[in-house]
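Peer 1: Below are the structure tokens for one structure; questions will follow.
Residue numbers (my numbering): 127 to 393.
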């Protein structure tokens, strides 16, 4: 079998790559080592934050704006609800990484936002105990994505555009050829002009050069049941706070699953 592009790994990144390539007219073969809809990757669960005022660096903002538009386009074409807009709240010390970076992104790209002092934070968001001297940034264009639904939607739409997807078929090896690349699985060999490797935690197996620089760590999350004021917790924006001990983030209360909070852990 010969195609334009093989995508190795069909999680969040691979499913999106397969969809967009197929939509643009490329012949695509997607290979996934596990079953469809498995929960062994890093994109399981019900929610992931999406935001524009990225504290990491202003250069991300054009990519984030484009990503937001692409999610909305995917919703329209598929009929699925994938992105829930709640607004976003980021709070911490003014000189901290979170607030200085978020403000830099918002101001550089003229994002619609509001800066709140500690008194305003207490008035607007009384469910939290805000320290003196903290500030907050609130932006309307933020919310959360449904990652498992998003992956399945990308897969389904990729197939609708002609992609061939094979599950429980791990890539054993790949090698360059005169015409592109050859990928081998237990089921046989496949030829393509290009190879996209989106193997997540298994990336080191397919790209041994990177293996010494990659390691997998567990990220622990918590789901809590508020003792009171569930309606108020349900109306919260997604939020990130920078404490002296690190970054923490959370989501509005969901009656079916509770209040999700976690420490921000970069791999």
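Don't be surprised by glycine CBs; every beta carbon is placed ideally from N, CA and C. Predicted model only: the values in this text are computed from it and were never measured.
(1) Between residue 237 and residue 178, how many whole angstroms is the CB-CB distance? I'm expecting something under 8 Å.
(2) State the Cα-Cα distance for the pair residue 289 and residue 321, rounded to the nearest angstrom.
(3) Could you pull out every residue in the same chain whose Cβ sits closer than 6 Å to the Cβ of residue 214, ignoring the five residues on either side in sequence?
(4) Sort 197, 245 and 207 by Cα distance to residue 258 and report the nearest one.
(5) Please return the same chain residues whose Cβ sits closer than 7 Å to the Cβ of residue 298, not counting the five positions on each side in sequence.
(6) I'd like the list of long-range same chain contacts for residue 296, defined as Cβ closer than 6 Å, with 5 residues on each side in sequence excluded.
(7) Among 147, 222 and 227, which one has its Cα closest to the Cα of residue 183?
(8) Do you know offhand how far residue 231's Cα is from residue 218's?
(9) Nearest to residue 378 by alpha carbon, out of 275, 222 and 172?
(10) Tell me, please, whether the CB atom of residue 128 is closer than 8 Å to any CB atom in chain D?
(11) What are the complete beta strand (DSSP E) segments, minimum 3 residues, inside the stretch 259-339?
(12) Quick check: what's the CA-CA separation for residue 384 versus residue 351?
(13) Would you call the CB atoms of residue 283 and residue 204 closer than 8 Å?
(14) Let me check understanding here. Comparing Cα to Cα, which of 277, 254 and 222 lies closest to residue 206?
(15) Counting only the same chain and skipping the five closest in sequence on each side, list residues whose C-beta sits under 8 Å from that of residue 356.
(16) For residue 216, which three-state DSSP category applies?
(17) Could you name the residues of the same chain whose beta carbon sits closer than 7 Å to that of residue 330, not counting the 5 residues immediately before and after it, in chain order?
(18) Give me the Cβ distance between residue 316 and residue 175, rounded to the nearest whole Å; I'm assuming they're in contact under 8 Å.
(19) According to DSSP, is residue 227 helix, strand or coil?
(20) Is the separation between the beta-carbon of residue 181 and that of residue 223 shorter than 8 Å?
(21) Once you ignore the five residues that flank residue 260 on each side, which residues in its own chain have a CB closer than 7 Å to its CB?
(22) For residue 385, which residues does DSSP report across the bridge?
(23) If I measure Cβ to Cβ from residue 152 and keep anything under 7 Å in the same chain, skipping five residues before and after, which residues do I get?
(24) Report yes if the C-beta distance between residue 141 and residue 280 is below 8 Å; otherwise report no.
(25) I'd like to know whether the C-beta atoms of residue 199 and residue 209 end up nearer to each other than 8 Å.
(26) In three-state DSSP terms, what is residue 375?
(27) Hey, residue 170 and residue 326: beta-carbon distance below 8 Å or not?
(28) Relative to the alpha-carbon of residue 188, which residue among 234, 318 and 366 has its alpha-carbon at the smallest distance?
Peer 2: The structure says:
(1) With 8 Å as the limit, residue 237 and residue 178 qualify as a contact, their Cβ atoms being about 5 Å apart.
(2) About 14 Å.
(3) 177, 265, 268, 363 and 364
(4) 245
(5) These residues qualify, in order along the chain: 310, 311 and 312.
(6) Contacts found: 159.
(7) Measuring from the Cα of residue 183, the nearest candidate turns out to be 227.
(8) 16 Å
(9) Comparing Cα-Cα distances from residue 378 to each of 275, 222 and 172, the minimum goes to 172.
(10) Included in the structure is just one protein chain, with no chain D present.
(11) 261-265, 269-271, 290-292, 297-303, 306-311 and 314-323
(12) So the two alpha carbons sit approximately 5 Å from each other.
(13) yes
(14) 277
(15) 379 and 381
(16) It is a strand residue.
(17) 336, 337 and 340
(18) With 8 Å as the limit, residue 316 and residue 175 do not qualify as a contact, their Cβ atoms being about 36 Å apart.
(19) Reduced to three states, the DSSP call for residue 227 is helix.
(20) yes
(21) 217, 218, 219, 244 and 247
(22) 350
(23) The beta carbon of residue 152 is closer than 7 Å to those of 130 and 131 in its chain, skipping five residues each way along the sequence.
(24) Yes, they are a contact pair.
(25) Contact: no.
(26) strand
(27) Between residue 170 and residue 326, the CB-CB gap reaches or exceeds 8 Å.
(28) 234
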